[in-house]
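Structure first, commentary second.
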Amino acid sequence: MITINIDTKPRDLRKMVEKLGRTFTKNHKRAMRRAAAEGVNRINKRTSLGLDVKEQPFRPYSDAYKGFRASKGRPVDKVRLIFTGRMRGAMTSGLQGQDGLIFFSSRAESKKAAQNNRTREFFGLNKSDRRAIRDVYFKGLKI
Numbered sequence: 001m002i003t004i005n006i007d008t009k010p011r012d013l014r015k016m017v018e019k020l021g022r023t024f025t026k027n028h029k030r031a032m033r034r035a036a037a038e039g040v041n042r043i044n045k046r047t048s049l050g051l052d053v054k055e056q057p058f059r060p061y062s063d064a065y066k067g068f069r070a071s072k073g074r075p076v077d078k079v080r081l082i083f084t085g086r087m088r089g090a091m092t093s094g095l096q097g098q099d100g101l102i103f104f105s106s107r108a109e110s111k112k113a114a115q116n117n118r119t120r121e122f123f124g125l126n127k128s129d130r131r132a133i134r135d136v137y138f139k140g141l142k143i
């Protein structure tokens, strides 16, 4: 067994704790912003691959919607939830208090996303996403 004795005065220990607290507070916001941005990236990447939150392929487009997409020159072979790109382009991240937040910057695009999410669940994080986001957060803390 290895034993380490640390000889410090209470005043020194108090300064160390205060410094650690300041460092955590300062780094927390930056780390949380990075973690939330990673969440947006993972949702967009997964959706571009045509996969839902559970990593399963999206349900195919209906025949009527396939016809509409084809008439507008859009691909119909794989569901990627992109028509103009505005909805996914409006997905952003930020902070609300001490918490990271992923949201849509436009009310219209938020409504569109909610409608799409009812049919094909894309807006969410699975276990793998949460693990990756946690790693980005802790890496960003740099304590």
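In the working numbering, the protein residues as written are 1 to 143. Backbone N, C-alpha and C define an ideal beta-carbon position, used for all residues, glycine too. None of the values given here were measured: they were computed from a predicted structure.
Among the options, nearest to residue i - alpha-carbon criterion
| i | options | result |
| --- | --- | --- |
| P57 | S110, V79, R69 | V79 |
| A36 | I102, L51, G85 | I102 |
| V76 | K142, I43, R59, S105 | R59 |
| I43 | N117, A64, F138 | N117 |
Helix, strand or coil at residue i according to DSSP, with G and I counted as helix
| i | result |
| --- | --- |
| F68 | helix |
| L51 | strand |
| G89 | helix |
| R131 | helix |
| I102 | strand |
| K139 | helix |
| G39 | helix |
| V76 | coil |
Below-8 Å beta-carbon distance, residue i vs any chain D residue
| i | result |
| --- | --- |
| G124 | In summary, chain D is missing from the structure at hand, where a single protein chain is found. |
Residue environment, residue i, which counts as buried when at least 16 other CB atoms sit within 10 Å
| i | result |
| --- | --- |
| G67 | exposed |
| S62 | exposed |
| T119 | exposed |
| T47 | buried |
| S128 | exposed |
| G100 | buried |
| F122 | buried |
| E38 | buried |
| L49 | exposed |
| Y137 | buried |
Unbroken alpha helix (DSSP H) run spanning residue i, endpoints
| i | result |
| --- | --- |
| T119 | 107-119 |
| L125 | That residue, L125, is in no alpha helix (DSSP H); it is neither H nor E in DSSP. |
Assumed close pair residue i, residue j - CB separation to whole angstroms, cut-off 8 Å
| i | j | result |
| --- | --- | --- |
| N27 | K112 | Not a contact, Cβ separation roughly 36 Å. |
| L95 | K29 | 6 Å |
| L53 | G97 | One point to set straight first is that residue 53 is Val, not Leu, in the sequence displayed. The pair is not a contact, with the Cβ atoms about 25 Å apart (cut-off 8 Å). |
| T92 | S105 | 5 Å |
| E109 | A132 | The Cβ separation is near 25 Å, so there is no contact. |
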